[in-house]
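So in full-length UniProt numbering, the last one in the sequence shown is 265, and the numbering has no gaps at all.
No residue lacks a Cβ here, since even glycine has one placed at the ideal position from N, Cα and C.
The next block holds one structure in the form of structure tokens; read it before the comments.
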Amino acid sequence: ANGLMAGKRGLIMGLANNRSIAWGIAKALHAQGAEMCFSYQGEALKRRVEPLAAEVGSDFLVECDVSDEAAMDMTFAEIKNRWGNLDFVVHAIGFSNKDELEGRYIDTSPDNFALTMNISVYSFTAVAKRAEALLNPGGSLLTLTYYGAAKYVPNYNVMGVAKAALEASVRYLAVDMGKKGIRVNAISAGAIKTLAASGISGLRDMLHWQEANSALRKNVTTDEVGGSALYLLSDLSSGVTGEIHYVDAGFNVVGMKLMDQDTP
Ligand code: NAD
2 ANGLMAGKRG LIMGLANNRS IAWGIAKALH AQGAEMCFSY QGEALKRRVE
52 PLAAEVGSDF LVECDVSDEA AMDMTFAEIK NRWGNLDFVV HAIGFSNKDE
102 LEGRYIDTSP DNFALTMNIS VYSFTAVAKR AEALLNPGGS LLTLTYYGAA
152 KYVPNYNVMG VAKAALEASV RYLAVDMGKK GIRVNAISAG AIKTLAASGI
202 SGLRDMLHWQ EANSALRKNV TTDEVGGSAL YLLSDLSSGV TGEIHYVDAG
252 FNVVGMKLMD QDTP
């Protein structure tokens, strides 16, 4: 294969359907010659993921619920078995109970707090730990975060607290793995209508607000996230680690509501 990712092999975690951020990333990587393994959450998703994987030339699928330590071990054992080593991992996974993605953060239950932190934060560290043994020097890990980590965003609640912890873990992992030449970064994507995002109350308002108040006056697409992911997963970004890279049409740099007449 030709391209920036020629000869590179990686694991994509978090593909659910063709609206997933993981899909935008997988397409961008495929166009540049990457070879990919896809892990999916459960049997029900397999039927969705299989044809998408085939579209990007992959028949390498592994079932992996990240809350299941044994399934995580199996995933990396299968990769070791088939490939022997690894160049990149994309972690595009998050979860919180829908009924706590509305109302007040203060009402978060201890059970959902722990669940959200486990799936959305700890799993990235658990993945990094297992990937470390297989990653080649120059390897790259990428996770997905959101602006609700840095600022209050209505209804994002416990997920915002989890994303803040995820962003901190990117910095700690970057130093831990830096000695081996492995890089760890996050993309902070603007809001996109995906399956996971549909669980957030008031998503439509978030999308409208972002479109009207971002520097580029638009919402971002999963393909745009894919383009930036390609950079962070390729050798082009060999000098970049521990970063939270915003792909949000410049929403986070605007400090005051814009009042254009021609925006919604
Ligand atoms: P999505 O629903 O397409 O993807 C979420 C994925 O998480 C699904 O594939 C789901 O199977 C997986 N997942 C959830 N629990 C899991 C578990 N226990 N084990 C294994 N997999 C599990 O939605 P998306 O928006 O593409 O989400 C991908 C990532 O991007 C998430 O971390 C999300 O928080 C982040 N993100 C999304 C947006 C947005 O607006 N859509 C913005 C910024 C960041």
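**Asked** In or out: V67 buried (at least 16 other Cβ within 10 Å) or exposed?
**Response** buried
**Message:** In this structure, how does DSSP classify M73 when only helix, strand and coil are distinguished?
**Reply:** helix
**Prompt:** Beta carbon of N158, beta carbon of L208: below 8 Å?
**Reply:** no
**Prompt:** Alpha carbon to alpha carbon, what distance is there between F96 and R10?
**Reply:** 26 Å
**Message:** Along the chain, where does the alpha helix (DSSP H) containing R48 start, and where does it finish?
**Reply:** 44-56
**Asked** So, do the segment 98-115 and the segment 7-24 have three or more beta carbon pairs nearer to each other than 8 Å?
**Response** no
**Message:** In this structure, how does DSSP classify Y148 when only helix, strand and coil are distinguished?
**Reply:** helix
**Pairwise C-alpha distance: L30 and E36** = 8 Å
**Prompt:** Based on the DSSP secondary-structure assignment, which residues constitute the bridge partners of Y41?
**Reply:** E64
**Prompt:** Got a sec: does the ligand NAD put a non-hydrogen atom nearer than 7 Å to the Cβ of A175?
**Reply:** no
**Message:** Rounded to whole angstroms, what is the Cα-Cα separation between V230 and V57?
**Reply:** Residue identity differs from the one stated: residue 230 is Ala in this sequence, not Val. Each residue's alpha carbon lies about 16 Å from the other.
**Prompt:** Where DSSP assigns a beta bridge to H209, which residues make up the other side?
**Reply:** Per DSSP, none; premise fails for H209.
**Request:** Express the C-alpha separation of D261 and A55 in angstroms, rounding to a whole number.
**Result:** 44 Å
**8 Å Cβ cutoff met for L233 and V221** = no
**Asked** Going by Cα to Cα distance, which pick from R218, D74, I94 is closest to I188?
**Response** I94
**Item:** Beta carbon of F125 nearer than 8 Å to that of L87
**Value:** no
**Message:** Which residue wins for smallest C-alpha separation from I183, given the options R172, A190, A192?
**Reply:** R172
**Prompt:** With DSSP run on the structure shown, which of helix, strand or coil describes Y153?
**Reply:** coil
**Message:** DSSP three-state label for F96, please.
**Reply:** coil
**Message:** I want to know whether the segment 114-122 touches the segment 203-218 - three or more CB-CB distances under 8 Å.
**Reply:** no
**Request:** Would you tell me roughly how many angstroms separate the C-alpha atoms of S215 and V254, rounded to the nearest one?
**Result:** 8 Å
**Request:** Return helix, strand or coil for V226, following the three-state DSSP convention.
**Result:** helix
**Item:** N- and C-terminal bounds of the alpha helix (DSSP H) containing I26
**Value:** 22-32
**Message:** Check for me: the alpha helix (DSSP H) holding G179 runs from which residue to which?
**Reply:** 158-179
**Message:** Considering only their Cβ atoms, is the gap separating M73 from E133 smaller than 8 Å?
**Reply:** no
**Proximity winner among M14, H246, N18, K99, relative to L204 (alpha-carbon distances)** = K99
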